[in-house]
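> Sharing a structure here in C-alpha cells format.
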Amino acid sequence: MSGTSTSKSPAGLRHRRSSSSTTTITEPKTGLTSPTLTPAQSLPRKGKAEKASSRLLLLWDDLPPWRRDNAFIHSGYRDMRASYVHSFQSLFYLHNESVNIWSHLVGALVAVACAAYVYYVIHPRYEEATSSDVFVFACFFTGAILCLGMSATYHALSDHSQAVAKWGNKLDYTGIVALIVGSYVPPMYYGFFCRPVLMSTYLYLICMLGAGCGVVSWVERFRTPKWRPYRASMFIGLGLSGVVPVIHGVTIYGYSGLENRMSISLVIAQGAMYIIGAVLYAMRWPERSSPGSFDIWGSSHQIFHMFVLLAAATHFYGMAKAFDNHHGLGHAQCVPLE
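The opening position of the sequence shown corresponds to residue 218 in our numbering, with each subsequent residue numbered one higher.
This is the structure in C-alpha cells:
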C-alpha cells in the first residue's frame, strides 16, 4: 500500500510509516512502533521512545516541512493543534522550546523591573539629570523588552500553525531590530553629547537602517529567497552601524576619553557576545557534534538566547556607568575641543 499513514502510541507519540521508505519495528517492552529511516533521515533508535515525553512530543520525522529547522534536534517537538490554549499550556511542561521561551520571558520581566527602578533613581541621583536621560534609557529598555517579549511569544506559538509561526517569526525579527536600535541610543547620546550634529546624524542613519530592516521583515515580497542576500546584508549593516561612530569617537576623544563617555569597552564586549552567540547558532553547535544529545538542554539556539541576555545586561551596566560619568565627571558641561 503506497502513501503515508499515521499511528498513535499510548504515550501520545506519533510516528509516520511509509511503505516506500520505512519498515516498522516493535519495541518489545513498550509496544511503541518506530520507523526505520533512510540513511539521510535516520535517527538513533536506541532510547528513541524514552526521549519523547508523555506530553504528545514528536520526533523530527513527525514534523511537516515548515517546522523542520534544525535536523540535529531529534526529539522534544510539541504537537500541533492550532490552539493558543495548547501553546500556552506548553509553558508548563518540558520540551525543546522550553528554555528558549522561559529565558527570554523572564528576561523581559526583569527588563521591565529594571526600567521601573531606573526611572525612579535617575532624578534623585543627580539634580542635573534631565528628561533626555530618561528618554535614552527608555529607548534601550523598550528595545530590550520588545525583543525578549516578542522572542518568547514566537517560541511559545511556533507549534500553533504555519500561519501563526510565520507571524511570530516576523515579531521575532522586529524585536531584534528594536533591541539593536534601542541599544545604540544611549551610547550615541552620551558619547557625542557635545557634538549634537554628529549625534543626530548617527542616530538618524541607525534609525533609517532599522526601519529598512523592519520593512524587509514584514513585507512578503522581501521574505522570498530572491531577497535573502539583501535582507541579510541589511541586518549585518544594522548590527555594524555602531562601528563607524565608535571609531569616529576614538579619533575625537581617544580611547580613554570615549571609555568615560560611553563605556566603550563594555559596548565592545556586548557586541562580541552577540557575535559569538550568532556564530554558534549559525553553526548549529554543539548539537552538530552530537545530534540528538542537546534536544532539550544546551542547543545552539538556547546558548544564543543566553548570550543575548548577557549582552543586554552588560550594555545596561555600561550605560549606567556612562550616565554616572556624564553627570559625575562633568561631561554634561561641554568645553571647546583644542
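Each residue gets a CB set at the ideal place from its N, CA and C atoms; glycine is no exception. Please read these numbers as outputs of a predicted model, since none were measured by experiment.
What is the C-beta distance between C424 and A395, in whole angstroms, given that I count them as a contact (C-beta under 8 angstroms)?
The pair is not a contact, with the Cβ atoms about 11 angstroms apart (cut-off 8 angstroms).
> Count the other CB atoms within 10 Å of the CB of R438; is the residue buried (16 or more) or exposed (fewer)?
R438 should be labelled exposed.
> What is the DSSP secondary structure of Y558, reduced to helix, strand or coil?
Outside the modelled stretch of the chain, which goes from 218 to 555, sits residue 558, for which no answer is possible.
> At the level of alpha carbons, what is the spacing between C551 and G454?
Their backbone Cα atoms lie some 31 angstroms apart in a straight line.
> How would you call V353, buried or exposed, if buried means at least 16 neighbouring beta carbons within 10 angstroms?
Answer is buried; the Cβ neighbour count reaches 16.
> Would you mind reading off the limits of the alpha helix (DSSP H) that contains C551?
No alpha helix (DSSP H) holds C551; DSSP gives it neither H nor E.
> Where does Y294 sit, in a helix, a strand or coil, going by DSSP?
Here Y294 sits in strand by DSSP.
> Determine which residues share a DSSP beta bridge with L275 and list them.
Its beta-bridge partners are Y294.
> Give the C-beta separation of I464 and L497 to the nearest angstrom, bearing in mind that I take them to be a contact with Cβ-Cβ under 8 angstroms.
That pair is no contact at about 27 angstroms.
> With distances taken between CB atoms, is the gap from E314 to S375 smaller than 8 angstroms?
Yes, they are a contact pair.
> How far does the alpha helix (DSSP H) with S507 in it extend, from its first residue to its last?
Here S507 belongs to no alpha helix (DSSP H), and DSSP marks it neither H nor E.
> Are there three or more Cβ pairs, one per stretch, closer than 8 angstroms when the region 301 to 309 is compared with the region 325 to 333?
Taking 8 angstroms as the limit for Cβ pairs, the verdict is that the region 325 to 333 does not touch the region 301 to 309.
> Among residues of its own chain, excluding the 5 on either side of S480, which ones have a beta-carbon nearer than 6 angstroms to its beta-carbon?
Only G535, K538, A539 meet the Cβ criterion.
> Hey, S517 and M490 are a contact pair by Cβ (cut 8 angstroms); roughly how many whole angstroms apart?
The pair is not a contact, with the Cβ atoms about 14 angstroms apart (cut-off 8 angstroms).
> Let's see if you can read the secondary structure: which residues bound the alpha helix (DSSP H) around N317?
Counting along the chain, the alpha helix (DSSP H) containing N317 begins and ends at 315 to 342.
> To which residues of the same chain is A373 closer than 6 angstroms at the C-beta, ignoring the five residues directly before and after it?
Result list for A373: S304, I318, in chain order.
> Indicate whether the contact test is met: 3 or more Cβ pairs, each with one atom in the region 375 to 388 and one in the region 285 to 303, closer than 8 angstroms.
These segments touch.
> Which value, in whole angstroms, describes the spacing of the CA atoms of M416 and F409?
Taking the straight line joining both Cα atoms gives about 5 angstroms.
> Buried or exposed: E345, going by 16 or more other Cβ atoms within 10 Å of its Cβ?
Exposed, because fewer than 16 other Cβ atoms sit within 10 Å of the Cβ of E345.
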